[in-house]
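Below is one structure; the comments refer to it alone.
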Ligand code: GLA
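Residue numbers (this note's numbering): 13 to 379.
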């Protein structure tokens, strides 16, 4: 009710300063995909209606020089054909669910299996491959987009009609805020996140091994060889997984730690010390000493997946012309822990009718 009222007000009172879409390309079936340029507080973004994809995100370095720090393409085709989730919204479930199977209220569910024997990032046609409805807004000094997608009962094997709304806001300070919301008409599981590949020196400029990363987490969730959490919350102390104090990502990458060998690098969930919080709290800081660019991430989620771009293999060419090789970008995905539906000891990802799933992640940029 509140939604429909505010929508009609917004449509009739569309403001001149609201973001305006451009045609980006067409899907094979003729569906038009739009690009939405956003700019505020010194941050510039391009967002696609396909997958809610952040196609680019530009911020200045310490000399005011802009660069795109988020890997992306300049045409729709590679997004459809070969994108490893560049910049995309991930749903219904961020990261893996073992064997694409879980049981809820005694009912077994079989999901789309798209990663070996497991289900990854919502299955073969997850939220990253869906066309979202996009509504632009300006509110006070904020500029942004409201993206909505309704996932049918049974889509990719998940129970319940899931109504998802994701709001991208650029603030007057140039922060990028993501608010995720979802409701369901049947008990289900949900874990939404964003899959931006960061390279603070510029997409396509080379390795991120010199970026300094800190993660406010004393434990992480070790995985088996299929990258499914074993269930253990292991201390990071004395391991390459200790990012409590900032260190270059490359420092411990070649130590031969069995967890790094199995994942070809970092591809793990960190258990944030703050746990689930009512408001977003600090989770991680990424800093590029060369450009001076710094990204800080705050969230109310209990976990953070740090993926060091292990599967980038030099076969993809970005919008700026550079190719992407292993370790040329990293992802910091705020989330509940992977495979939560199969680990009763993990914080729950169950959503029931009448409840609203709500999480927020804030990206703050400095140079
Ligand atoms: C996530 C996963 C990785 C990989 C990437 C995309 O970060 O944890 O294993 O699938 O997405 O390639």
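Ideal Cβ positions, reconstructed from N, Cα and C, are used throughout, including at glycine.
Extent of the continuous beta strand (DSSP E) to which residue i belongs
i           : result
residue 208 : It is not in any beta strand (DSSP E) - residue 208 carries neither H nor E in the DSSP assignment.
residue 261 : That residue, residue 261, is in no beta strand (DSSP E); it is neither H nor E in DSSP.
residue 1   : Here the chain comprises residues numbered 13 to 379, so residue 1 is not present and cannot be evaluated.
residue 320 : Counting along the chain, residue 320 falls outside any beta strand (DSSP E), and DSSP gives it neither H nor E.
residue 302 : Where residue 302 is concerned, there is no enclosing beta strand (DSSP E), given that its DSSP letter is neither H nor E.
residue 46  : 44–52
Assigned exposure category for residue i - 16 Cβ within 10 Å defines buried
i           : result
residue 77  : exposed
residue 145 : exposed
residue 140 : buried
residue 74  : exposed
residue 368 : exposed
residue 310 : buried
Close Cβ partners of residue i (< 7 Å) along its chain, the five nearest in sequence each way excluded
i           : result
residue 108 : 127, 130, 131, 132, 239, 240, 350 and 351
residue 111 : 129 and 130
residue 282 : 227, 229, 232, 315, 316 and 318
residue 13  : With a pLDDT of only 36 at residue 13, under 50, the local geometry of the prediction cannot be trusted, and the value read off the model is given with reservation. Same-chain partners within the cutoff: there are none.
residue 28  : none
Residue i Cβ short of 7 Å to the ligand GLA heavy atom set
i           : result
residue 96  : yes
residue 323 : yes
residue 279 : yes
residue 91  : no
residue 345 : yes
residue 121 : no
residue 239 : yes
residue 338 : no
residue 271 : no
residue 317 : yes
residue 80  : no
residue 132 : yes
residue 107 : yes
Endpoints, alpha helix (DSSP H) assigned at residue i
i           : result
residue 359 : Where residue 359 is concerned, there is no enclosing alpha helix (DSSP H), given that its DSSP letter is neither H nor E.
residue 93  : 88–94
residue 271 : 270–275
Reference residue i, options the options, closest by Cα
i           : options               : result
residue 122 : 141, 168, 136 and 265 : 168
residue 313 : 143, 335, 302 and 344 : 344
residue 362 : 115, 54 and 263       : 115
residue 322 : 261, 338, 333 and 204 : 338
residue 87  : 373, 58, 37 and 329   : 37
residue 150 : 179, 97 and 215       : 179
residue 324 : 215, 174 and 202      : 215
Beta-carbon contacts of residue i that lie in its chain and below 6 Å, excluding the five residues immediately before and after
i           : result
residue 148 : 30, 31 and 157
residue 299 : 224 and 306
residue 142 : 161
residue 192 : 178, 204 and 371
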